[in-house]
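In the UniProt record's numbering, the protein residues as written are 1 to 759.
Listed below in structure tokens is the structure:
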């Protein structure tokens with residue numbers, strides 16, 4: 001829900017506004033959202049028995065519709081099982097244009113007429129279907145559907161469809177995690193790494209007699225049997241040395257292929273008519289997670305850090321511990337290497353001994369101590385001031401491999417060495433929010449409107465400091481079943497502190513409204529910079545600058561496991577120095593594993609969101625690619641100027657159907673980056689690979705960007721908005737007609753008020 005709306009006439013061009021291709025697009029880019037799925041509740045889809053002929057008929061009707069085309073055979077069966085019949089007499093409406101629908105229909109018998117604004121626009125008979133978008137979210141029907149004759153329909157509702165998909169996917173993820181845990185060299189990895197490995201598997205379907213692995217071939221794939229059976233035969237170096245073995249669902253084989261390229265020592269053949277395998281190649285594994293040993297070392301580093309008393313006392317956030325573990329560098333030291341010399345300047349590192357032996361001789365002591373595998377030392381070095389002198393001598397006794405965390409890297413994560421060894425302050429003390437009340441603020445004018453309320457330009461009466469006041473109607477929030485999302489938005493914002501992310505200054509509520517006091521960003525939306533009075537799109541260098549700013553804001557969220565989920569130029573404001581600031585965190589959510597709620601802006605949704613397959617921060621990188629495309633081309637890649645059909649839009653997204661204009665309009669480096677971001681399979685998407693967002697920063701398109709200067713706002717911005725004074729709001733649309741609106745929402749009951757206790 002974007003509450004800031006810029007005035008296109010205040011974008012860089014001063015020429016008379018002409019009608020652009022995007023002139024009606026803004027209205028179509030409103031957010032959509034489905035009700036949150038409760039994955040903790042026990043849900044069993046309904047079962048309505050059918051003949052095999054009915055199964056085959058319905059299955060054929062689902063065809064290649066984008067909503068169903070990626071369902072597994074098990075999921076399609078569950079969906080068809082859940083469909084029931086409905087009889088509709090001739091002349092009766094089935095769905096009505098404008099009403100919110102939650103059913104999908106397949107016509108078994110009869111004829112259905114489609115009407116838009118009471119005008120017939122088409123019809124369908126046996127085998128036709130309609131209403132698939134209603135399975136994804138509560139969308140208004142785009143047309144009325146009327147039974148011309150008595151109709152027999154197969155129907156299924158949204159709750160059944162979404163729960164079925166989410167539960168099936170969730171169950172499969174848990175099963176895959178459990179199997180991976182049984183693989184000896186995966187057992188030490190963290191759940192987040194196992195999730196990334198599970199995402200990287202592809203599916204291979206075999207039939208009885210198909211050879212999966214051939215003895216003697218070089219192995220490069222690891223397999224898990226998801227469905228069916230297979231046998232292991234021709235085992236060992238001599239015929240008849242071992243008895244053939246049978247394997248079923250959950251069995252795995254070929255795991256050593258992820259470590260070495262040694263020849264297979266047995267053959268494996270599918271024995272069931274349908275054998276479904278999950279397959280992971282060694283190269284895919286490296287791309288997604290990096291070298292296996294590095295992943296294991298990273299997990300060990302985190303466990304070690306969590307066991308160090310001084311780190312435990314520090315109560316660092318989970319994302320901080322993850323980042324510290326990522327920054328531990330593996331180093332090998334030769335015998336005789338002196339890591340610290342008493343009386344000489346100290347090299348301020350923390351060490352974890354992986355393998356080897358180290359001697360420590362303390363000041364005023366003649367008896368040395370020895371450390372070996374899994375021991376650690378140097379934690380106190382991180383607190384010493386720069387230039388401190390060592391009070392002990394530390395010598396490597398034999399070749400020793402250590403994980404090393406430097407003080408510089410430590411401080412880059414935790415910010416201040418004084419935090420080491422000190423308990424975290426209570427949240428009420430550490431929050432950067434100010435205690436501000438409505439009485440202290442003077443309203444100036446409305447900056448924007450949205451589904452739940454308005455954003456006002458306000459000033460603090462005592463200081464004259466300007467702010468943006470986000471004022472949300474409790475009644476509207478309840479009506480849209482978004483109570484949890486609003487509380488979530490406030491909590492997420494309180495976790496953030498970044499120059500390119502909107503700051504939450506304070507929050508409070510009264511009987512009718514919730515209030516969030518935000519920093520004021522005066523330059524208007526990035527949308528109005530991209531779509532000016534004279535053209536759509538910005539030059540390559542300008543797009544690169546804005547994209548670099550946005551990458552840093554997304555990285556700040558992602559480091560904290562926060563998925564933003566609503567990236568678009570309308571949700572990026574330009575500050576008074578020309579830099580981008582990410583705003584409107586209404587859909588932002590801490591995602592430790594996967595989340596299944598459809599939300600966002602249709603043109604920017606990733607396929608995994610549309611298809612309810614579970615998503616995380618990877619969906620933001622898809623949207624990031626879409627945003628870069630819109631900046632350099634002038635419209636989003638999946639937008640069709642000749643069609644307003646959301647179903648068609650979603651189908652293009654799920655099939656990744658887009659192209660670049662010719663004539664060299666888009667720089668080849670920008671094209672390459674976009675292609676690496678707009679990838680259907682999240683496990684292959686840039687930003688989701690082993691190096692995370694560093695892969696994007698290091699892309700040739702960003703080669704000239706100095707990130708340090710960018711973060712300090714020392715990199716020249718391509719356009720700086722003209723800001724006349726601290727209360728200048730000329731870069732936003734006028735909502736003067738709404739400023740005297742005294743309409744009040746209905747009063748809430750005590751139980752309804754209690755819904756907002758966590759705000």
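Using N, Cα and C, we set each Cβ at its ideal position, and we do this for glycine too.
- Query: Per the contact definition of three or more C-beta pairs closer than 8 Å, is the segment 674 to 694 in contact with the segment 623 to 630?
  - Reply: The count of Cβ pairs closer than 8 Å, one atom from the segment 623 to 630 and one from the segment 674 to 694, reaches three, so the stretches are in contact.
- Any idea what DSSP makes of residue 569, helix, strand or coil? Reading the chain shown from its first residue, position 569 is the one you call residue 569. Helix at residue 569.
- CB-CB under 6 Å to residue 758, same chain, minus the five flanking residues each way: which ones, in chain order? The count along the chain shown starts at 1 and reaches residue 758 at position 758. The answer, listed in chain order, is 487.
- Should residue 197 and residue 252 be called a contact, given that it needs their Cβ atoms to be closer than 7 Å? Taking the chain shown and counting its residues from 1, the one referred to as residue 197 is at position 197. Taking the chain shown and counting its residues from 1, the one referred to as residue 252 is at position 252. Result no, Cβ atoms of residue 197 and residue 252 do not sit closer than 7 Å.
- Do you know offhand how far residue 222's Cα is from residue 194's? By 1-based counting over the chain shown, the position of residue 222 is 222. By 1-based counting over the chain shown, the position of residue 194 is 194. Distance between the alpha carbons of residue 222 and residue 194: 14 Å.
- Query: Do you know offhand how far residue 471's Cα is from residue 326's?
  - Reply: Here residue 471 refers to the residue found at position 471 of the chain shown. Here residue 326 refers to the residue found at position 326 of the chain shown. The C-alpha of residue 471 lies about 40 Å from the C-alpha of residue 326.
- Message: Taking DSSP's pairing of strands, which residues face residue 456 in a bridge?
- Response: Here residue 456 corresponds to residue number 456 of the chain shown, with the count starting at 1. DSSP links residue 456 through a beta bridge to 446, 469.
- Message: Once DSSP output is grouped into helix, strand and coil, what is the label at residue 500?
- Response: Counted from its first residue, the chain shown places residue 500 at position 500. Judged by DSSP in its simplified three-state form, residue 500 adopts coil rather than helix or strand.
- Task: Could you round the C-beta distance between residue 319 and residue 493 to whole angstroms and report it? I think they count as a contact, below 8 Å.
- Result: For the purposes of this step, residue 319 is identified with residue 319 of the chain shown, where counting begins at 1. For the purposes of this step, residue 493 is identified with residue 493 of the chain shown, where counting begins at 1. Between residue 493 and residue 319 the Cβ distance is about 16 Å, and since that is not below 8 Å, they are no contact.
- Does the beta-carbon of residue 260 have 16 or more other beta-carbons within 10 angstroms, so that it is buried, or is it exposed? Mapped onto the chain shown, residue 260 falls at position 260. Counting Cβ neighbours within 10 Å, residue 260 comes out exposed, since fewer than 16 surround it.
- Using a Cβ-Cβ cut-off of 7 Å (strictly less than) and excluding sequence neighbours within five positions of residue 647, which residues of its own chain qualify? Within the chain shown, residue 647 is the residue found at index 647, counting from 1. Around residue 647: 132, 133.
- Message: Measuring only the C-alpha atoms, how far is residue 392 from residue 313?
- Response: Stepping through the chain shown from its first residue, residue 392 is reached at position 392. Stepping through the chain shown from its first residue, residue 313 is reached at position 313. Those two C-alpha atoms are separated by around 24 Å.
- Message: Tell me the rounded alpha-carbon separation between residue 419 and residue 372.
- Response: One-based indexing of the chain shown puts residue 419 at position 419. One-based indexing of the chain shown puts residue 372 at position 372. Roughly 28 Å separates the two Cα atoms.
- Opening and closing residue of the beta strand (DSSP E) in which residue 205 lies: Against the chain shown, residue 205 aligns to sequence position 205. Per DSSP, the unbroken beta strand (DSSP E) holding residue 205 starts and ends at 202 to 206.
- Message: By alpha-carbon positions, which one of 45, 538, 619 ends up nearest to residue 561?
- Response: Taking the chain shown and counting its residues from 1, one reaches residue 561 at position 561. Answer by Cα proximity: 619.
- Between the C-alpha atoms of residue 740 and residue 310, what's the straight-line distance to the nearest angstrom? Taking the first residue of the chain shown as position 1, residue 740 is located at position 740. Taking the first residue of the chain shown as position 1, residue 310 is located at position 310. Taking the straight line from one Cα to the other gives about 58 Å.
- Would you call the CB atoms of residue 517 and residue 467 closer than 7 Å? Translated into positions along the chain shown, residue 517 becomes position 517. Translated into positions along the chain shown, residue 467 becomes position 467. Between residue 517 and residue 467, the C-beta spacing is below 7 Å.
- Message: Just to confirm the assignment, what range does the alpha helix (DSSP H) spanning residue 59 have?
- Response: Translated into positions along the chain shown, residue 59 becomes position 59. Here the alpha helix (DSSP H) through residue 59 covers 52 to 62.
- Task: Return the chain-ordered list of same chain residues with a C-beta closer than 6 Å to the C-beta of residue 747, the five sequence neighbours on each side being excluded.
- Result: On the chain shown, residue 747 is found 747 positions in, with the first residue counted as 1. Within the same chain, residue 747 has no close Cβ partners at all.
- Message: My assumption, with CB atoms under 8 Å, is that residue 86 sits in contact with residue 144. Please give the rounded CB distance.
- Response: Translated into positions along the chain shown, residue 86 becomes position 86. Translated into positions along the chain shown, residue 144 becomes position 144. 17 Å between Cβ atoms; not a contact.
- For residue 322, the residue or residues it bridges with in DSSP: As a working mapping, residue 322 is identified with position 322 in the chain shown. Paired residue(s): none; residue 322 is not in a bridge.
- Message: I need the DSSP call for residue 129, collapsed to helix, strand or coil.
- Response: Position 129 of the chain shown, counted from the start, is the residue given in the question as residue 129. Residue 129 falls in the strand class under three-state DSSP.
- Query: Applying the criterion that 16 or more other CB atoms from any shown protein chain within 10 Å of the CB defines a buried residue, is residue 615 buried or exposed?
  - Reply: Sequence index remark: in the chain shown, residue 615 carries index 615 (1-based). Buried: at least 16 other Cβ atoms inside 10 Å.
- Message: Could you check whether the segment 140 to 159 touches the segment 94 to 111, counting it as contact only if at least three pairs of C-beta atoms, one from each stretch, sit closer than 8 Å?
- Response: At 8 Å Cβ cutoff, the stretches touch.
- Query: Is residue 523 closer than 7 Å to residue 575 when the C-beta atoms are compared?
  - Reply: If you number the chain shown from 1, residue 575 lands on position 575. If you number the chain shown from 1, residue 523 lands on position 523. Yes, the pair counts as a contact, with Cβ atoms nearer than the cut-off.
- Helix, strand or coil at residue 593 according to DSSP, with G and I counted as helix: Taking the first residue of the chain shown as position 1, residue 593 is located at position 593. If DSSP states are grouped into helix, strand and coil, residue 593 belongs with coil.
- Backbone CA spacing between residue 627 and residue 705 [nearest angstrom]: Here residue 627 is taken as the residue at index 627 of the chain shown, counted from 1. Here residue 705 is taken as the residue at index 705 of the chain shown, counted from 1. When rounded, the distance between both Cα atoms is 18 Å.
- Note down the Cα distance separating residue 230 from residue 273, rounded to an integer number of angstroms. Taking the first residue of the chain shown as 1, we reach residue 230 at position 230. Taking the first residue of the chain shown as 1, we reach residue 273 at position 273. The straight-line gap from Cα to Cα measures roughly 10 Å.
- Please report the residue range of the alpha helix (DSSP H) in which residue 620 lies. Against the chain shown, residue 620 aligns to sequence position 620. Residue 620 -> alpha helix (DSSP H) spans 618 to 633.
- Message: Only counting the same chain, and skipping five residues up and downstream in sequence, which positions put a Cβ closer than 8 Å to that of residue 57?
- Response: Walking along the chain shown from the start, residue 57 turns up at place 57. In chain order, 108, 127 place their CB closer than 8 Å to the CB of residue 57, counting only its own chain and leaving out the 5 sequence neighbours on each side.
- Message: So, with DSSP's three-state summary, where would you put residue 671?
- Response: Position 671 of the chain shown, counted from the start, is the residue given in the question as residue 671. In the structure shown, residue 671 sits in a helix (DSSP, three-state: H, G or I).
- Item | Three-state secondary structure assigned by DSSP to residue 182 | Within the chain shown, the letter at position 182 stands for residue 182. Collapsing the DSSP output to three states places residue 182 in a helix.
- Item | Cβ-based burial, residue 651 [other Cβ within 10 Å; buried from 16] | Along the chain shown, read from residue 1 onward, the residue named residue 651 stands at position 651. With at least 16 other beta carbons inside 10 angstroms of its own, residue 651 counts as buried.
- Task: Identify every residue that forms a DSSP beta bridge with residue 513.
- Result: Taking the chain shown and counting its residues from 1, the one referred to as residue 513 is at position 513. Under DSSP, the beta-bridge partners assigned to residue 513 are 473.
- Item | Nearest to residue 577 (by Cα), restricted to the options 690, 83, 101, 710 | Residue mapping note: residue 577 aligns to position 577 of the chain shown, counting from 1. Residue nearest to residue 577 within the set 690, 83, 101, 710 is 710 (criterion: CA-CA distance).
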